[in-house]
Each structure stands twice: as structure tokens, then as C-alpha cells.
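These protein sequence lines are chains G and L, in that order. Residue numbering for the first sequence follows this note's numbering, beginning at 71 and increasing consecutively. Residue numbering for the second sequence follows this note's numbering, beginning at -3 and increasing consecutively.
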Amino acid sequence: MADTKAAPPLAAPRATGAASARTVLLRRARELALVPALLVLLVLGAIVNDSFLTERNLISILGASAALAMVVLAESLILITGKIDLSLESVVGIAPAIGALLVLPSAESGWGTEWSAPLALVAILVVGGIIGAFNGILVVKFKLNAFIVTLAMLIVLRGLLVGATKGKTLFGMPDSFFTLATSTFLSVPMSVWLAAVCFAVAGFVLKYHRVGRALYAIGGNQEAARAAGIRVDRMLLGVSIVAGVLASVGGIMQTGYVGAISANQGNNMIFTVMAAAVIGGISLDGGKGTMFGALTGVLLLGVVQNLLTLAQVPSFWIQAIYGGIILVALMIARVTTGRAQD
Amino acid sequence: MSTPLVEARGIVKRYGPTVALADGQLTVLPGESHALVGRNGAGKSTLVTVLTGLAAPDEGTVRFDGEPAPALADRDAWRAKVACVYQRPTVVPELTVAENLFINRQPTSRGGVISWRRLRTEAAALLDTWDVRVDPEARTADLKVEDRQMVEIARALSFGARFIVLDEPTAQLDNREIERLFTRMRALQESGVTFLFISHHLQEVYEVCQTVTVLRDARWITTAPVADLPRRALVEAMAGESIAELEVQLRELDDAAPVLLEARGLSSESYENVDLTVRRGEVVGLAGSSGSGKIELAESFTGLYTPTGGTARLDGEKLPFGDVQAALKAGVGCVPRDRHGQGLVFGMSIGDNATMTVLDRLGRFGFVGTDRKRGFATELIDRLDIHAEGPDQPVSDLSGGNAQKVVMARALASDPRLLVLINPTAGVDVKSKESLLARMDSARDDGTAVLVVSDELDDLRRCDRVLVLFHGRVVAEHPAGWRDHELIASIEGVDHG
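So, in C-alpha cells, the structure goes:
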């Protein structure tokens, strides 16, 4: 609203240094909005259960969250550009499964190609990238609706996984398939370190590189981004491929954590992924959110999951309670961040 | 005579079978402010599209400073020559002003790492150079329209462009903001910036421009110094026929007419303690600057805005607040303030849009009879003289004037007893304006009470009374026959303390 006081025409009020500093501080504070919630949960956990705040349990929370973290990272990048990719959860299943099928002899329901393990691991990443590229081409070049396309891809890929494994669980892959989850550095699993590095790199690029800023610009106002000379289509395609690769890394982590690949690996994961991203302040409309926020979203859900297990909630009820807590967390995030989750 | 900064000759542009521009011509001299006027559909937007390099003309040439225009793909070369500030923002709302200024060319240190500190200082320096008083750290979404426009202008200037196209820059501004924009335009003009100014408001053309080019029916009609083209001649050039200057007949006010709308002590955050009565068949105008609360006051009667105190009675019955459905039922029809935001669903057809408020009357149990709907919509199209192929044409195809008539049609569809019109002629060409305002007259002939909120004096001139709001209070009441300067003085708050 215009200020109607009789001010000289050009004396529009310049925000004072203090006011400007305050708005910056406020913006920072919103990024950290989930940290208090996380601390409250930690305190609560420590009170409820003696074994919660032990080094071993905390590391196990991290280990269990690593795969989810990778997929949330992938999804967040896509959401920031204003698109969506539901099929990432199927990538988590099918990418490592194809790698396993390439390695395993036909006697162990593989394809009998018996590739070497390093080659198969690279193949997993390539599969993730190809699926991402395929999604990206459909959405960017053929202008199909991202939600429906990736929903269809979710089902197709899930079906392919079940078909290729005939519904069986794949065992007996070489050790290198599990290394990420089993080997540790400073007694923390490598998968956690890797996820941490990925988040740090993504966060840095998003904040300090033109490519990262371009993603925000595209998500905020695609036409403006195009007018500013950003190659919008190329960026969207690139993000889609990167997200596919990141999700396939998440798939490898999940494989290592579980020790096998079942035909429903990654099933229903996308709901948790979306919840973590939105709780963490990533907007489904694009253009908003930080990697730090997304990470706190992941950790929050990881802690909740762990608490539920420790509290020995009957397994039949765990889903209902988990879903309810996500709902409550979304509401709390809405209140603490003070902005609409559009 | 110096080389023209921009020279377009014989521009022809077709979109499929439609000829959007049959003979576009424009010659802009360096350092002037050049107005481009014409009715909706005259080819102004097409000419701008060609001038800014967003589309190649099918025939004709564009020259900048005597040199041929760059190739279409060479965006950088275009950006260095010309920029357009559109009505719709071309900034990213979530990013800061500083980042928007340097989007995709942020200053980096080694390794391509963005230096936020340098970004801030360079943005501040840029804004200072052009005297744009905006905090570079502010979120762009929080800026006022006028500041956002200045940021876009500053960004264009930083690319080296000295030719700026302003596409209806005043459409969303109030009088005071428009004055500020003009002051800034004049200052920029003195530092060597050339403007092409597009507006529906002819008085603005006279106020800020030196030369005017008129387009009509996709053709160039004339280019002349504004001083040599009186208002009547300009309107004639635009319309292609002489439109009688708006003759306002003063009507005898029927004091005996019963009071239809009676509001007592209405208060809210935007206005306080407002008393208001509108008689049957009376047209009451609400004027004020954009923060005066006039829009909120009008919206209070339609359910779009909820007052915190006071009462309103329509025909003796209490009007519920904050409930659009209830207001409709009570007999309030509304043309909301923003055609794009609240007025129309652009993907839907004319028929669907026009009958949106009355679907319950067109069938039982929530089912809608297709034939009845079509018939009803066709009748409305005729009644309002909407130029369209039929009720099934999507609204997005229509020009601004015709789209606004659809909004009006929807307001009238429910046969309202009280008609609330908020900026009913914003962004509408001269002729459509006439026909929209004529609806206002006929509404009052059948005993409807009309409440008009507008920034345009032409709209308010038709009112029986004009109430002026200032900082949320009714400060003046002008019966029909007021003089422009009287009304403007009370809108701007110069005639009272």
C-alpha cells in the first residue's frame, strides 16, 4: 500500500541498516526453524528412553536416514525448479536391482552377464541418470505434466523391477554393494559421510554458484529466468538427470543397509521424501527452500522413526502414528516458519 | 535532424490467419518520451514484441541508431539496445532485489563462486546511479509496484539499453505513484534515456510525452508532436470516428427514492467509522488514493473483505460480512478489482465465466442444464455487446475490454439489487469503456443501486455523488458536477487538514 503522507516525490523511504539487518536475520531464523523442534525431540527421547541418547543409537539414526537423505536431496533440487519427480522412489529400487542382476550368475536369478562389481556399480548410477533423462525429456521437451509423467514412471519402473526379479529378493551380491553401509569412518557409516558431503556440495552450489541461483530463478519465475538468459530447458533436464543419479546412490545405500534388494525396495518412500522436504521448508511451488532445511526435515523424521521403534509401539500401529506425526510436523512447520506451504 | 534511435518501417506480422500488424511504423528520436496509443487490438503489443526482438516481423525492417537490428537469437545484443517493462513482473519474486538485478551474471570470484558482498555493493551502486531508492536486500515480492518497475528499468539500463518500453506502467498505480513515476521518467530522460510509453490514459500522454504515434486496426495512422494534436483529434485518430466528448447529463436526484444500502459505523484495519447510504437507482462513487481504504470498503459489501465493526443493511435486511455466497444471495453483484486475479477463470469459456454466479438458477440439485446455460450466456453476450464468437470461446482469447465485459456480465447475471464495481474500466480501451459505463447508466434506470470505486475521473463523473476517502475516513462528498481539480484536491488531501 502506498504511503499517502505528504512526502516529497522522490523521498521513498530507504530501509535503514537496522531494519535491513533484521529482515536478513529473520530469513536466517526461518531456515533454522526446525532446529528447536529437533532439540525438543532429542530431549524428549532422552527422557522417554535411556538408550536413546547413546552414541550407538544416534549413529544408527544417521545410518538409517542416509538413503532417505539422498532421495530428499534429489527431490529438493527438482522441487526448487518448480517441478516434481515421484518416480525417484522406484529408482531407489530398480537401479541397484539392475546392477545386481548384471553381477549375479543366472543360478542366483541374475542375468548371467556376471559383470565385475565396480562396473555394475557404475551401471547403477547410469541407470539412475538414464531414468532421470527420460523423465526430463518427457517433461521438458514434450511438455508433459511432470506429476502424471513421473507417477506413470513410478508404476512402470516398479513393475519392471517386479518383472525382472519375478518378485524375488536378490541376495549374494559382492561385498562392494554393501560397503557404503558397512564400512565406517570415525565409527560413522560411509553412507552418512557421503550424504553429508552431497548435502554440503548441493547447499554450496545452490547458494554460491550461478547454476544454483538459476534453479531458484527458474522455480520462482520461469519467464524471467528465460529472459535473463538462463537456458531453462537445459537446466531442468540437467537437474532431472542429477536427481536420478542421486536417487540411485540412495538405492545403493538402502541395499547396503538392508543387505539385500527386495522387489519392493523404495516402496512408498516418496511420501516420506515429500514430507521431509516440505517440513524442511522446500516449497512445492518451486523457488523456495534450502538444503539445510531439507536436511533438518530428514533428521526430524529419522528421529521420530527411531523413537517409535524404541518406544516399542506395536508394529501394526506404527504407520498410523508415523503418518500422524508427519501431519503434526507439517502444521508446526507452518506455524514456526510463518509462511504458507504452497 | 539526428538519426532516429529506433526506426521501424512497414512491419507486417501475421499469427496464422490473423494479421496482427499490417503496416507498423515507428520512429523514436533519442532523448524523447514517445507515446504509442491505440485501442485494444490495434497492434501495439505486436509492435512491441517486434521492437524487443521477441518475434521477427514477416516483412519490414527495424533499425537501431541506423544499424539493422541484431539476429533474433542474439539475446545479449537485443538487451543492450532495448528493454521492456511489462505489466506482469519479469523478476523472480523470492529473490532479493540485488540478485534480480544481476540474475545469471552475478559477480563471481575465482572458481565461479558468487561473491554476495560484491553483488550487494554493485547492486547498491547501480540503484544509486539511477537514483532508485530501493533496499537491494529486500525480497522482490515485498516491493511496491512502482519500485518493482524501477528495479526492472535499472536492470535494463545496466545492460546498456537506453531505449525502454513501458507497457501500461500506470495501470496498477494510484495518482501519487503515477506522479512519482513521471518524475523519475523525466529525470531519466534528462540523463539520456528514451522511453516508449504505452497507456490508455490520454492525459498521461500529454503530461509526460513529447511525441505520439497512433495505431488503429493494425496500421500506423499518425505520428505527431503531442502539442500539435489536441485531445479530440487524438481520440478521433484512435477511434477512426469522432466520439462525442463525454457529455454528462445532470439528472434530477430523486430524493424520495428509498434507501437501499445503509451502512453504519463500519470499521476495519483499512477504514474507520464509515457511514454510507445508497438510494435505489443512485450511483455513488468512491474515490481516494490506493491506501485510502476505498477498495476494502467496497469489498466489504461483497463479502471479499470482512469489517471488524459496524453494520450494513440492504433493503432493511442485515447484510452478512465476509461471506461471498451470502452477499450474492442478498443481491450484491460485484466486478472485483483485478480481472486477472479475481475476475475471470481464463481457461474457461465465456459462458462458464459469465454464469459462474448463477449456476444454481440454471438447474436443479446442482446439475446445470447445458442449453439453458448457453442460452443465458448468449443473452448476456448480446446485452453487453461482447465481441466474441459465442459462449464457448475461451476468455483467454478476448481483448482486455471484452474480457472486462464478461466480468460485468457475471456481475449482472444474478440481477443484483446492489452493483459494486471496483476499477471497472482499468486497462480497457476508449470504446469498450464507453459501453461499460453505459451499463452503469442502464443499471440505475432499472432501480439498481451502484457503488463505483475508481481512479478514473471519467468513471466518477457519471456518479450522482462521489465520496472521497482519505486514510480510511470519508473526508468529502461531491455531488455530480464537480470540477476535476476539486475532486483531485480532496483525493490528495490538500483541501483539508
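All residues carry an ideal CB built from backbone N, CA and C; glycine is no exception. None of the values given here were measured: they were computed from a predicted structure.
Any C-beta of chain L under 8 Å from that of residue i
| i | result |
| --- | --- |
| G357(G) | yes |
| P294(G) | Rather than Pro, the amino acid found at residue 294(G) in this sequence is Ala. True, the Cβ-Cβ gap to chain L drops below 8 Å. |
| G326(G) | no |
| I331(G) | no |
| G198(G) | no |
| G299(G) | yes |
Local conformation of residue i per DSSP, three classes
| i | result |
| --- | --- |
| T249(G) | helix |
| W216(L) | strand |
| A157(L) | coil |
| Y11(L) | strand |
| L256(L) | strand |
| L149(G) | helix |
| P390(L) | strand |
| C268(G) | helix |
| W479(L) | Checking the sequence, you will find Arg at residue 479(L) rather than Trp. If DSSP states are grouped into helix, strand and coil, R479(L) belongs with coil. |
| P166(G) | helix |
| K314(L) | strand |
| E243(L) | At E243(L), the pLDDT of 47 sits below 50, so the modelled position is not reliable; the number obtained from the coordinates is stated separately. In this structure, E243(L) counts as coil in the three-state DSSP scheme. |
| G273(G) | helix |
| V448(L) | strand |
| T379(G) | helix |
| D120(G) | coil |
Burial state of residue i (16 or more Cβ within 10 Å)
| i | result |
| --- | --- |
| M401(G) | exposed |
| L463(L) | buried |
| W387(G) | exposed |
| V141(L) | buried |
| R75(L) | buried |
| K369(L) | buried |
| H196(L) | buried |
| T304(L) | exposed |
| A403(G) | buried |
| G306(L) | buried |
| E90(L) | buried |
| A308(L) | buried |
| K236(G) | exposed |
| S438(L) | exposed |
| A52(L) | exposed |
| I99(L) | buried |
| F193(L) | buried |
CB contact below 8 Å: residue i versus chain G
| i | result |
| --- | --- |
| L68(L) | no |
| I7(L) | no |
| V244(L) | In this predicted model, V244(L) has a pLDDT of only 48, less than 50, meaning its place in the structure is not dependable enough to derive any value. |
| N100(L) | yes |
| R71(L) | yes |
| V328(L) | no |
| I110(L) | yes |
Any chain C beta carbon closer than 8 Å to residue i
| i | result |
| --- | --- |
| I154(G) | Looking at the structure shown, chain C is missing, and the protein chains on hand are G and L. |
According to DSSP, residues forming a beta bridge with residue i
| i | result |
| --- | --- |
| G326(G) | DSSP, once it has assigned bridges, lists no residue as partnering G326(G). |
| C330(L) | V416(L) |
| S345(L) | P390(L) |
| E55(L) | V8(L) |
| H474(L) | V462(L) |
| P64(L) | R59(L) |
| F212(G) | The partner list for F212(G) (beta bridge, DSSP) is empty, contrary to what the question assumes. |
| V208(L) | A31(L), A220(L) |
| T42(L) | None; T42(L) has no bridge partner. |
| S296(L) | Paired residues: none, contrary to the question. |
| G281(L) | V448(L), V462(L) |
| G194(L) | Per the sequence presented here, residue 194(L) reads as Ile, with Gly not at that position. Answer is L32(L), D163(L), bridged to I194(L). |
Cβ-heavy atom distance, residue i to the ligand ATP, below 7 Å
| i | result |
| --- | --- |
| R135(L) | Of the ligands one can find in the structure shown there are none, so the ligand ATP has no counterpart to examine. |
Could you list the residues in the region 216 to 234 of chain G with a C-beta less than 8 Å from some C-beta on chain L, going in chain order? none
Which residues, taken in chain order from the region 210 to 223 of chain L, show a beta carbon closer than 8 Å to some beta carbon of chain G? none
Give the residues from the region 375 to 409 of chain G that approach chain L closer than 7 Å (Cβ to any Cβ), ordered along the chain. none
Chain-ordered residues of the region 145 to 168 of chain L with a beta carbon less than 8 Å from chain G: none
Along the region 78 to 100 of chain L, what residues have a CB closer than 7 Å to any CB found in chain G? T86, V87, V88, P89, E90, L91, E95, I99, N100
Residues of the region 201 to 213 of chain G with a CB closer than 7 Å to any CB of chain L: list them in chain order, please. none
Name the residues in the region 264 to 295 of chain G whose C-beta lies less than 9 Å from a C-beta of chain L; which are they? F274, K277, Y278, H279, R280, V281, G282, R283, A284, Y286, A287, I288, G289, G290, N291, E293, A294, A295
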